[in-house]
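Single-structure report; data block below.
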Ligand code: SAH
């Protein structure tokens, strides 16, 4: 049995779903951050539990053949890229296996069946610089120098880094210009403990399809002194389209304040996924990896197999990305989303694209869908509400039970399930398969290279007996 602070040598033989390497000492499993399968390492035990423990990498004695050089010098401190040390090919294999494992262990599906329905994971050609959105905290170090970067894992200590390997390359130029402006005009950075200082965060968003760039400074104040000088330096950056600031004077971890003021350009930028245009303002939700979003939604569209006559529901629709994608091939699309602003965006996006066959409801999917079903039954005795296809894209916790129940009652031909958590996906699939449905195809899609997260889309077909 190992003890806390003991140093042991261990071979990493497995990987946890959260990305840590797993190695065993006399049968006792250790979770070791920053290691990958195949490493042999000297590690220090940090926590001992009954059946497993945690350890920290001290020295790599033999590097795994699957290791690659870190693309980012501060990857270990940041913790955002849990598996950057692993070759991209192995990252994809890890994610494919994660989905496969959930389907077997949580879903109770037979391994041979899972291997038959799972398609190869859709990876990226270039697994870096894929994020179109970045939020950098701004602060001052002990020597009084301004800095921007990210919070070191689980703290609010800023590690300077203008060059996140996942973000757009232009971020660095923008941040350098903002920091130089702040220095020249003696504009202070916000200090969380004192609750003093002005600039809290910088939000940058890039429309990868259009080249448009947005910069929004989050301020602990109502005005940005000398803002014209900042506008002058930022507007010379090619693609700059929107410069705003957001007022956030609260003592909170929430980054953005609700009030946005325009400094220059438009209040929003435009981007495209496929042929659908989206207006994105500083507060809008928008998929952070638009390239893979298109891959994922094309797959969803293929699984939905629309001919133009169908009635489709898109539950958990956000700003209507999937709804508008499907509306081009369906008779009617109904979107349901809990956040009212997202529905406002969805409606506006439908309008700017001339899409008239999409209708959006604000509310909880678990209330809107069952209520719609019940009302339909009351108003049309002997009939029931029908949909040809229901698409769901729920948050990590998966679909609420009443959503699953109502879907089964509505008996759509197909259900297309888009998921960011393979465990809850597997749980929900098990339920749907008990309700007269079968899984036809499963495709994982790598929306977040270098991290452990993966998206997945599933074609679920009604069984005709
Ligand atoms: N497909 C969407 C994103 C889906 S993310 C897009 O591309 O824009 C999941 C969405 O579900 C989020 O927008 C979240 O606000 C919403 N949501 C969370 N709980 C919900 C609920 N109970 N009912 C309806 N929507 C919900």
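Residue numbers (the numbering used here): 1017 to 1481. Note that CB positions come from ideal geometry on N, CA and C, so glycine has one too.
Taking the Cα of residue 1192 as reference, the smallest distance to any Cα among 1316, 1085, 1164, 1141 is reached at 1164. Linking residue 1125 to residue 1327 through their CA atoms gives a straight-line distance of about 30 Å. Relative to the non-hydrogen atoms of ligand 1, the Cβ of residue 1352 comes within a distance shorter than 7 Å of at least one.
If you draw a 10 Å sphere on the C-beta of residue 1143, you find 16 or more other C-beta atoms in it, and that means buried. Remark: C-beta atoms of residue 1471 and residue 1097 do not approach each other more closely than 8 Å. Taking the Cα of residue 1292 as reference, the smallest distance to any Cα among 1365, 1110, 1389, 1447 is reached at 1365. Apart from the 5 residues on each side of it in sequence, residue 1108 sits with its Cβ closer than 8 Å to the Cβ of 1137, 1139, 1462 in its chain, given in chain order. Relative to ligand 1, the beta carbon of residue 1301 is positioned inside 7 Å of a heavy atom.
By the Cβ neighbour-count rule, residue 1051 is buried, with 16 or more other Cβ atoms within 10 Å of its own.
The closest heavy atom of ligand 1 lies 7 Å or more from the beta carbon of residue 1149. Distances from the CA of residue 1187 to each of 1113, 1216, 1172, 1152 were compared; the closest alpha carbon is that of 1152.
Taking a C-beta distance under 8 Å as the contact criterion, residue 1337 and residue 1303 qualify as a contact pair. Assignment of residue 1423 by DSSP, reduced to helix, strand and coil, places it in the helix class. Spanning the alpha carbons of residue 1128 and residue 1439 requires a straight line of approximately 19 Å. Nearest to residue 1300 by alpha-carbon distance, out of 1312, 1330, 1356, is 1356. Within the DSSP secondary-structure output, residue 1174 pairs in a beta bridge with 1167. Its chain contains 1166 as the residues whose beta carbon lies nearer than 6 Å to that of residue 1094, once the 5 sequence neighbours on both sides are disregarded; these appear in chain order.
Shortest Cα-Cα distance from residue 1270 to any of 1305, 1216, 1158 involves 1216.
With distances taken between CA atoms, residue 1363 lies nearest to 1294 out of 1289, 1168, 1294.
Restricting attention to 1018, 1279, 1339, the CA atom closest to the CA of residue 1263 is found in 1279.
With a threshold of 7 Å, the Cβ atom of residue 1333 counts as near ligand 1, since some heavy atom of the ligand is closer than that.
Taking 7 Å as the cut-off, one finds at least one heavy atom of ligand 1 near enough to the beta carbon of residue 1409.
Taking a C-beta distance under 8 Å as the contact criterion, residue 1323 and residue 1298 do not qualify as a contact pair. Ligand 1 has no heavy atom closer than 7 Å to the beta-carbon of residue 1293. At a threshold of 7 Å, residue 1338 counts as near ligand 1, since its beta carbon sits closer than that to one of the ligand's heavy atoms. With a cutoff of 8 Å on beta-carbon distance, residue 1433 and residue 1420 are scored as not near each other.
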